[in-house]
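Residue numbers (UniProt numbering): 1 to 311.
C-beta: ideal position from N, C-alpha, C; glycine also.
Put into structure tokens, the structure is as follows:
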């Protein structure tokens, strides 16, 4: 089934703008997208499907995200056509050569972003049986020098070091930072959340916190048990209940009297206490670590795992 093909007169994609035309994807869905043999599709077809086959049923990639994905994938596909032939002839050796050549042209932070996009694309094609090998799983990691770190660059080993230090020096900030780096929550969402908004879903075997984010939109975010343990310790020190209670009026992350913190206060406190930590890698940062840094950390971490964090 040839959905998109530049070489035939009946091609769907005749220009760059056609990649963003969702009407073609709606027609494909009507035919049954899971009945498609991805291994028989052209590279352009695969990119089109990747852009429009959303990871989530309820949220869509922004046009800006699609444009960035197409820009980087177009370069990758051009390399395939000029150096290899087709995506079916791709090998791990060719992948290493491609990213080695890119590493000569781009800074490590930019290279990592481009690698992540290609990685997501290859995983999508592999998951839909379009490739016989999961090339995304064995790509070399991109190491970034400390001097190149910017506000949204934070790495798991650095998060662990910060957590270790905060746990010894300021348990409350440790808990706040733990929440930020394991949930991707905005500081405003943590500050305004109520204890009553936390529930346990037995079908998922998980604790979920209902928060209200930008645009007054409600969503549920998983709270991992080790993070919840830290939070419950703070709550017990402040004489607040640690049992699930939908009638509770106390804040999720409470003051001593059970009321909510101001988001700007929490944000400043977290950033200030992290700055006071004596860790070598913090000296090389161009910008301070803030709650927003934590949100970007979570997004990057999930992308490295091949999962897209929806905004």
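Through-space distance from residue 97 to residue 87, alpha-carbon basis: Rounded to the nearest angstrom, the gap between the Cα atoms of residue 87 and residue 97 is 15 Å.
Taking the beta carbon of residue 107 as the centre, do at least 16 other beta carbons fall within 10 Å, making it buried, or is it exposed? It counts as exposed.
Secondary structure at residue 36, three-state DSSP: helix, strand or coil? Residue 36 falls in the coil class under three-state DSSP.
DSSP three-state assignment for residue 218, whether helix, strand or coil: In the structure shown, residue 218 sits in a strand (DSSP, three-state: E or B).
Rounded separation between residue 260 and residue 193 - CA only: The straight-line gap from Cα to Cα measures roughly 8 Å.
Taking buried to mean at least 16 other C-beta atoms within 10 Å of its own C-beta, is residue 75 buried or exposed? By the neighbour-count rule (16 or more Cβ atoms within 10 Å), residue 75 is not buried but exposed.
On the DSSP letters alone, give me the boundaries of the alpha helix (DSSP H) that residue 155 sits inside. That residue, residue 155, is in no alpha helix (DSSP H); it is neither H nor E in DSSP.
Could you tell me the distance, in whole angstroms, from the CA atom of residue 25 to the CA atom of residue 72? Taking the straight line from one Cα to the other gives about 21 Å.
Is the segment 216-233 touching the segment 174-189, taking contact as three or more C-beta pairs under 8 Å? Contact annotation: the segment 216-233 touches the segment 174-189, with at least three C-beta pairs closer than 8 Å.
Mapping DSSP to helix, strand and coil, what is residue 254? Residue 254 falls in the strand class under three-state DSSP.
Which residues DSSP lists as bridging residue 260, in chain order: 254, per the DSSP bridge assignment.
Pick from 291, 36, 109, 80 that is closest to residue 267, judged by C-alpha positions: Looking only at 291, 36, 109, 80, the smallest Cα-Cα distance to residue 267 is reached by 291.
Quick one: is residue 120 buried, meaning 16 or more other Cβ sit within 10 Å of its Cβ, or exposed? Buried, by the Cβ-count rule.
The beta strand (DSSP E) with residue 244 in it runs from where to where? Counting along the chain, residue 244 falls outside any beta strand (DSSP E), and DSSP gives it neither H nor E.
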